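Some notes on the structure that comes next.
2 protein chains.
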Amino acid sequence: MPEEPASIWLRPERGARGPAPERSRAQIAAVAIDLADAGGLAAVSTRQIAKALGTGPASLYRYVATRDDLIDLMHDAVTGEVDLSVPLTGDPIDDLLSLAARTRDLCLRHPWLLDVPVERTRLGPRAADYLEYALRALQHVPMTGRRKLEAISLLNGLVMLFAQLELQERRTPTARQAAQAAYRAQLAADGRHPLIAAAMAGSSLDPPEDPGQSFERMTRQLLAGLGLPG
Amino acid sequence: MPEEPASIWLRPERGARGPAPERSRAQIAAVAIDLADAGGLAAVSTRQIAKALGTGPASLYRYVATRDDLIDLMHDAVTGEVDLSVPLTGDPIDDLLSLAARTRDLCLRHPWLLDVPVERTRLGPRAADYLEYALRALQHVPMTGRRKLEAISLLNGLVMLFAQLELQERRTPTARQAAQAAYRAQLAADGRHPLIAAAMAGSSLDPPEDPGQSFERMTRQLLAGLGLPG
DNA sequence: AATTACCGCGAACATCGATCGCAGTATTGG
DNA sequence: CCAATACTGCGATCGATGTTCGCGGTAATT
Numbered sequence: 001m002p003e004e005p006a007s008i009w010l011r012p013e014r015g016a017r018g019p020a021p022e023r024s025r026a027q028i029a030a031v032a033i034d035l036a037d038a039g040g041l042a043a044v045s046t047r048q049i050a051k052a053l054g055t056g057p058a059s060l061y062r063y064v065a066t067r068d069d070l071i072d073l074m075h076d077a078v079t080g081e082v083d084l085s086v087p088l089t090g091d092p093i094d095d096l097l098s099l100a101a102r103t104r105d106l107c108l109r110h111p112w113l114l115d116v117p118v119e120r121t122r123l124g125p126r127a128a129d130y131l132e133y134a135l136r137a138l139q140h141v142p143m144t145g146r147r148k149l150e151a152i153s154l155l156n157g158l159v160m161l162f163a164q165l166e167l168q169e170r171r172t173p174t175a176r177q178a179a180q181a182a183y184r185a186q187l188a189a190d191g192r193h194p195l196i197a198a199a200m201a202g203s204s205l206d207p208p209e210d211p212g213q214s215f216e217r218m219t220r221q222l223l224a225g226l227g228l229p230g
Numbered sequence: 231m232p233e234e235p236a237s238i239w240l241r242p243e244r245g246a247r248g249p250a251p252e253r254s255r256a257q258i259a260a261v262a263i264d265l266a267d268a269g270g271l272a273a274v275s276t277r278q279i280a281k282a283l284g285t286g287p288a289s290l291y292r293y294v295a296t297r298d299d300l301i302d303l304m305h306d307a308v309t310g311e312v313d314l315s316v317p318l319t320g321d322p323i324d325d326l327l328s329l330a331a332r333t334r335d336l337c338l339r340h341p342w343l344l345d346v347p348v349e350r351t352r353l354g355p356r357a358a359d360y361l362e363y364a365l366r367a368l369q370h371v372p373m374t375g376r377r378k379l380e381a382i383s384l385l386n387g388l389v390m391l392f393a394q395l396e397l398q399e400r401r402t403p404t405a406r407q408a409a410q411a412a413y414r415a416q417l418a419a420d421g422r423h424p425l426i427a428a429a430m431a432g433s434s435l436d437p438p439e440d441p442g443q444s445f446e447r448m449t450r451q452l453l454a455g456l457g458l459p460g
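Heads up: the protein sequence lines correspond to chains A and B, in order. Numbering follows our numbering, in which position 159 of the first sequence is assigned residue number 159; successive positions increment by one, without gaps. Just add 230 to wherever you are in the second sequence, counting from 1, and you've got our numbering.
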């Protein structure tokens, strides 16, 4: 009989016998999210969380079986930040576009979301609400269930791609930028990559396009390509 | 004076003084790639590589300053597998489409590529050739350098999204599938997510679309959205 | 021939995720 | 009402990881 890896959402939050837990999954997730917002996913370690909670590292494992469970918790918690009370208009494109915009904001607020291994996530309750909402937007669209799920998955992927692009433009990691500059110089020097040299030379001068605008245009294209009525 | 994190591509492969290195960056990258192909990025550890090479873990650091450097090496090496001798037709759409298809094959051959932190990669020589090739396809398109770079980045992102979708459909991780089934049952039971229940119930029966076909359609849409002449 | 700069690598350190087992506490069943 | 039960908190610890130190040796430079 193989061990049951049993997604955390299937285990009860607390047992029926002993004393009440001193902390809750929600509290732990909140602390972990603060750590991740500040220092990225790598900063989310058993001991850092324990320290922030004022306990030893072992205590966490009463709430969570594994670090992955913890990330599931975090993922689900921030997914709950997306406002699902926005009424659907009935136009799938508009509705998904609006949802995508809200999701993009979420990614900008919690950049570590982009580092969560993509399909590793197990659907938590908040994520289920999210997915249900997205499927509701597609309710009257003639597609198979599988295609709808794929479409939502791709849409979220595109959202993350754009969020990535925007974040990468926003912050100025001095160390990296210096290294890039040095290497660019070498590339320009050897003369074998003239187009790269040209594109990168101009790139810092070219005005960036309004991210929101290009995001909306691309998302529309994606949805059209997915077979939605345009 | 801050330490120079100096991208690995800026350091010489070997010094001028001492004995010749017994191994090369290429050999190490090849071993690491084999490990990653077999067991994912997580299986690429200092000691595993050292063991495969028949040495101790410390020896690696004569070739690589950090694990990230090692991943840069791997990334660049597999990027070199993309055939850039395919002549360009002059039609940017066709050329990028063809390049994207080859890139998609690469991702399917080396699934760990999808786990490489996206913008962390420092442009190696092979990757530079790749980028130069892509820029050549865009040579006569009236876009700023920055927009071209963004377009290529987005295109590669889309390629990875599709590769992910396809891989996820291909393999059948029994443990996960069982957990998902259990959770799906609970979702269907509580009745609060009827659309999810319906979509997932059908999803295993619905015929999958030909991946290549949907990939090409979506890529066309993306390129059109990026402002390429269609 | 002496100096210098490099190579291989055993030993060790810090940190990480995770486990074990014990003391304490609330619920259950008789 | 009290033992049995099943849980909670957590110090100590394990194994694995990325990385550093410093040694003995080797080849190029002077």
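Where a beta carbon is used, it is the ideal one built from N, C-alpha and C, also for glycine. Please read these numbers as outputs of a predicted model, since none were measured by experiment.
| Item | Value |
| --- | --- |
| Beta-carbon neighbours of A/Y183, restricted to chain B and to distances below 8 Å | S237, W239, L240, R352 and L353 |
| Contact under 8 Å by Cβ, A/L60 with A/A29 | no |
| B/S383 - DSSP class collapsed to helix/strand/coil | helix |
| Buried versus exposed, by CB contacts within 10 Å (16 or more), A/G212 | exposed |
| Segment limits, alpha helix (DSSP H) that includes A/D34 | R25 to G39 |
| Residues of the region 191-206 of chain A with Cβ closer than 9 Å to any Cβ of chain B, in chain order | R192, H193, P194, L195, I196, A198, A199, M200, A201, G202, S203, S204, L205 and D206 |
| Proximity winner among A/G145, A/A163, A/Y133 and A/L41, relative to A/L88 (alpha-carbon distances) | A/Y133 |
| For B/Q369 and B/P232, the rounded distance between their alpha carbons | Per-residue confidence for B/P232 stands at a pLDDT of 45, beneath the threshold of 50, marking its modelled position as unreliable; the derived number appears in the next sentence. Cα-Cα distance, rounded: 39 Å. |
| Segment limits, alpha helix (DSSP H) that includes B/T333 | P322 to R339 |
| Short Cβ contact (8 Å threshold) for B/R356 with B/A307 | yes |
| Cβ shell of B/A415 (< 6 Å), same chain only, five flanking positions each side left out | none |
| Which listed residue (B/R253, B/D325, B/E446 and B/S383) has its alpha carbon closest to that of B/T285 | B/R253 |
| Selection from B/H340, B/T276, B/L395 and B/I426 that minimises the alpha carbon distance to B/H305 | B/H340 |
| Cβ neighbour criterion (16 or more within 10 Å) applied to B/E420 | Checking the displayed sequence, the identity of residue 420 of chain B turns out to be Asp instead of Glu. The residue in question, B/D420, is exposed, as its Cβ has fewer than 16 Cβ neighbours within 10 Å. |
| For B/P249 and B/F445, the rounded distance between their alpha carbons | 51 Å |
| Where A/R184 sits in the DSSP three-state scheme | helix |
| Against chain B: residues of the region 216-227 of chain A by CB proximity under 8 Å | R217, M218, R220, Q221, L222, A224, G225 and L226 |
| Helix, strand or coil at A/L161 according to DSSP, with G and I counted as helix | helix |
| Unbroken alpha helix (DSSP H) run spanning B/E446, endpoints | P441 to G455 |
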